[in-house]
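Peer 1: Sending over a structure as structure tokens; questions will come in a sec.
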DNA sequence: TCATTAAATTGTT
DNA sequence: AACAATTTAATGA
């Protein structure tokens with residue numbers, strides 16, 4: 183994807199809008215480039231945007247009291263997130279960090295609320311997305327206790343391929359093993375080891391600078 | 001188009 | 001954490 187307009191074209195909720203509505207939404211959006219390792223937004227900051235990822239890869243994470251980083255989710259290109267905090271007008275509850283150089287689109291609260299008030303498909307989209315995320319977090323609580331890094335990597339990746347949350351992600355994804363490590367909370371070396379285990383089990387194929395998922399089901403239930 | 005070089009990524013210690 | 005091997009991307013003939 184190259185621009186805000188491309189992102190809108192690829193977003194399901196935007197498909198039902200008229201050309202005029204779409205143009206207005208687009209004109210009200212702000213595009214921002216975030217360098218690798220840069221922050222899209224910090225925990226505790228006031229939230230006044232719904233954020234869409236035009237291109238790149240983000241992670242939502244937080245620091246535990248002991249200073250350990252805990253990743254909640256990876257956000258690939260084509261996805262939207264942050265509706266929870268926009269809806270509740272609360273400060274952001276996690277850090278948003280770009281794992282690689284990324285381009286994001288910021289939708290102002292005004293636009294967001296207008297869509298919320300006027301578009302049924304938009305509401306349906308949000309409802310579905312919130313529901314999918316709930317399922318994701320329940321799964322997170324489960325596997326947070328299992329310490330097997332292979333399983334953590336498997337489930338982190340499986341979450342990235344969720345077709346409802348991330349419709350733009352095909353079976354093949356460009357992601358380095360270092361990024362997988364950052365997402366899963368394991369070292370790059372361990373991520374490499376885990377990927378080889380998963381490849382041997384036929385769940386995915388390891389490629390240069392990316393992976394192809396062969397058995398999404400199996401990845402999601404790995405380790406249980 | 002091909003060869004060379006630099007940069008990124010992977011596999012191993 | 002450091003190293004070597006491998007792949008890709010960029011450059012220029």
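Numbering (this note's numbering), first residue to last: 183 to 406. The beta-carbon is built from N, C-alpha and C at its ideal position, and this holds for glycine as well. Everything numeric in this text was worked out from a predicted model, so none of it was measured.
Report yes if the CB atom of residue 354 is closer than 9 Å to the CB atom of residue 400, and no otherwise.
Peer 2: Taking the first chain and counting its residues from 1, one reaches residue 354 at position 172. Taking the first chain and counting its residues from 1, one reaches residue 400 at position 218. Not a contact, by the Cβ cut-off of 9 Å.
Peer 1: Mapping DSSP to helix, strand and coil, what is residue 399?
Peer 2: Counting from 1 along the first chain, the entry for residue 399 is found at position 217. Residue 399: helix per DSSP, three-state reduction.
Peer 1: Pull up the distance between the alpha-carbon of residue 402 and that of residue 310, whole angstroms please.
Peer 2: By 1-based counting over the first chain, the position of residue 402 is 220. By 1-based counting over the first chain, the position of residue 310 is 128. Distance between the alpha carbons of residue 402 and residue 310: 19 Å.
Peer 1: Does DSSP classify residue 200 as helix, strand or coil?
Peer 2: Residue mapping note: residue 200 aligns to position 18 of the first chain, counting from 1. Three-state result, residue 200: coil.
Peer 1: Can you name the residues that DSSP bridges to residue 213?
Peer 2: Position 31 of the first chain, counting from 1, holds the residue named residue 213. 287.
Peer 1: Which ranges would you report for the alpha helix (DSSP H) in the segment 213 to 284 if only whole runs of at least 4 residues count?
Peer 2: The qualifying runs are 265 to 270.
Peer 1: Can you tell me whether residue 236 is buried or exposed, with buried defined as 16 or more other CB within 10 angstroms of its CB?
Peer 2: Counted from its first residue, the first chain places residue 236 at position 54. With 16 or more other Cβ atoms within 10 Å, it is buried.
Peer 1: DSSP state of residue 356, grouped into three classes?
Peer 2: For this step, residue 356 is matched to residue 174 along the first chain. Here residue 356 sits in coil by DSSP.
Peer 1: In whole angstroms, what is the alpha-carbon distance linking residue 389 and residue 382?
Peer 2: By one-based count along the first chain, residue 389 stands at place 207. By one-based count along the first chain, residue 382 stands at place 200. Distance between the alpha carbons of residue 389 and residue 382: 13 Å.
Peer 1: Could you give the first and the last residue of the continuous beta strand (DSSP E) run that contains residue 379?
Peer 2: By one-based count along the first chain, residue 379 stands at place 197. Not the beta strand (DSSP E): residue 379 falls in the alpha helix (DSSP H), residues 370 to 382.
Peer 1: In three-state DSSP terms, what is residue 337?
Peer 2: Locating residue 337 in the first chain gives position 155, where the first residue counts as 1. Note: residue 337 maps to helix in three-state DSSP.
Peer 1: If you compare alpha carbons, which of 197, 307, 266, 283 is closest to residue 291?
Peer 2: Looking up residue 291 in the first chain gives position 109. Nearest C-alpha to residue 291: 266.
Peer 1: Which value, in whole angstroms, describes the spacing of the CA atoms of residue 254 and residue 318?
Peer 2: Indexing the first chain from 1 puts residue 254 at position 72. Indexing the first chain from 1 puts residue 318 at position 136. Cα to Cα, residue 254 sits roughly 9 Å from residue 318.
Peer 1: Looking at the secondary structure, which residues open and close the alpha helix (DSSP H) in which residue 189 lies?
Peer 2: Position 7 of the first chain, counted from the first residue, corresponds to residue 189. Here the alpha helix (DSSP H) through residue 189 covers 186 to 192.
Peer 1: Output the distance between the C-alpha atoms of residue 330 and residue 345, rounded to the nearest integer angstrom.
Peer 2: Counted from its first residue, the first chain places residue 330 at position 148. Counted from its first residue, the first chain places residue 345 at position 163. Cα-Cα distance, rounded: 25 Å.
Peer 1: Identify, in the order they occur along the chain, each residue of the same chain with its Cβ nearer than 6 Å to the Cβ of residue 213, setting aside the five sequence neighbours on each side.
Peer 2: What you label residue 213 is simply residue 31 of the first chain in a count that begins at 1. The answer, listed in chain order, is 186, 287.
Peer 1: DSSP state of residue 207, grouped into three classes?
Peer 2: Along the first chain, read from residue 1 onward, the residue named residue 207 stands at position 25. Three-state DSSP puts residue 207 in a helix.
Peer 1: Buried or exposed: which applies to residue 260, given that a residue is buried once 16 or more other Cβ atoms fall within 10 Å of its Cβ?
Peer 2: Start at 1 with the first residue of the first chain, and residue 260 comes out as number 78. Buried: at least 16 other Cβ atoms inside 10 Å.
Peer 1: Assign residue 284 to buried or exposed, taking buried as 16 or more other Cβ atoms, counted over all protein chains shown, within 10 Å of its Cβ.
Peer 2: Translated into positions along the first chain, residue 284 becomes position 102. Label assigned to residue 284: buried.
Peer 1: For residue 351, name the three-state secondary structure that DSSP assigns.
Peer 2: Along the first chain, read from residue 1 onward, the residue named residue 351 stands at position 169. Correct three-state label for residue 351: coil.
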